[in-house]
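A.B. asks:
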Amino acid sequence: MKTSFASCTLLGLSLLFTASVLPAQAQSGQRGSLTGRLFDGQTQEPIPHANVVLLRASDNFFVKSVETDAKGVFRAGNLPLGQYKFRTTVLGYQAVNPKVAFHARQTHVALGSVVMVPLNTPRVTQASKLAWAQRSSAVAGLEPLRPALRVRS
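If you count by mature numbering (1 follows the signal peptide of the UniProt record, and there is no 0), then the sequence shown holds residues -26 to -1, 1 to 127, one letter each, in order.
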């Protein structure tokens, strides 16, 4: 008798809890989506196969990662409403980190064309060539502290 009463009570409480949670989930059931295109700022070429990562803005928690297609286009869908950090890092380019937000009135964010700026590559000048040559000759002139191997015959 105690078992069936406890079972009925537990079942009733779980139904009551479920009934109170479902309407709240139905109201917040909206999801967001994000689209855009990555391209090189100098050559205007699309950047294919780059990773685009979305992190929750409040704690940098990983939410989703998508890859750009051959035309540099990315699409991320089924995202819970909220604020996110959009992060993309491509080898040879400066990182891009804009913030995006999805809410009930704006469930889709179209970033459009995201410009990736190439990293500054160091310029080789005559002075830097001379400095490199001096360092190299100094290193070449070093002798080992002890002989590596002595061979007796």
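By construction, the Cβ of each residue, glycine as well, lies at the ideal position given by its N, Cα and C atoms.
Exposed or buried, A48, counting other C-beta atoms within 10 Å across all chains shown (16 or more means buried)?
C.D. replies: Stepping through the sequence shown from its first residue, residue 48 is reached at position 74. Residue identity differs from the one stated: residue 48 is Phe in this sequence, not Ala. Buried, because 16 or more other Cβ atoms sit within 10 Å of the Cβ of F48.
A.B. asks: I need the DSSP call for P20, collapsed to helix, strand or coil.
C.D. replies: On the sequence shown, residue 20 is found 46 positions in, with the first residue counted as 1. Of the three classes helix, strand and coil, the one that applies to P20 here is strand, per DSSP.
A.B. asks: With DSSP as the reference, label R30 as helix, strand or coil.
C.D. replies: By 1-based counting over the sequence shown, the position of residue 30 is 56. Strand.
A.B. asks: Count the other C-beta atoms from every protein chain shown that fall within 10 angstroms of the C-beta of residue 128, then say buried if there are 16 or more, exposed otherwise.
C.D. replies: Because the chain here runs from -26 to 127, residue 128 falls outside it and cannot be looked at.
A.B. asks: Do you know offhand how far A24's Cα is from K73's?
C.D. replies: The sequence position of residue 24 within the sequence shown is 50, counting from 1. The sequence position of residue 73 within the sequence shown is 99, counting from 1. One C-alpha to the other measures close to 18 Å.
A.B. asks: Under DSSP, the beta strand (DSSP E) around Y58 begins and ends at which residues?
C.D. replies: Counted from its first residue, the sequence shown places residue 58 at position 84. Counting along the chain, the beta strand (DSSP E) containing Y58 begins and ends at 56 to 62.
A.B. asks: Considering V74, what are the terminal residues of the beta strand (DSSP E) in which it resides?
C.D. replies: The count along the sequence shown starts at 1 and reaches residue 74 at position 100. Per DSSP, V74 belongs to the beta strand (DSSP E) from 73 to 76.
A.B. asks: Does DSSP put G10 in a helix, in a strand, or in coil?
C.D. replies: Working through the sequence shown from its first residue, we reach residue 10 at position 36. Correct three-state label for G10: strand.
A.B. asks: Just checking my contact of V70 with T81 at CB under 8 Å: how many whole Å lie between their CB atoms?
C.D. replies: Indexing the sequence shown from 1 puts residue 70 at position 96. Indexing the sequence shown from 1 puts residue 81 at position 107. The pair is not a contact, with the Cβ atoms about 23 Å apart (cut-off 8 Å).
A.B. asks: So for G46, helix, strand or coil by DSSP?
C.D. replies: For this step, residue 46 is matched to residue 72 along the sequence shown. G46 falls in the coil class under three-state DSSP.
A.B. asks: With a 10 Å radius around its C-beta and 16 neighbouring C-beta atoms as the bar for buried, classify A42 as buried or exposed.
C.D. replies: One-based indexing of the sequence shown puts residue 42 at position 68. Here the sequence assigns Thr to residue 42, which means Ala is not the residue at that position. By the 10 Å Cβ count, T42 comes out buried.
A.B. asks: Out of D14, G10, L28, point me to the one whose CA is closest to V91's CA.
C.D. replies: To locate residue 91, count along the sequence shown from 1; it is residue 117. Answer by Cα proximity: D14.
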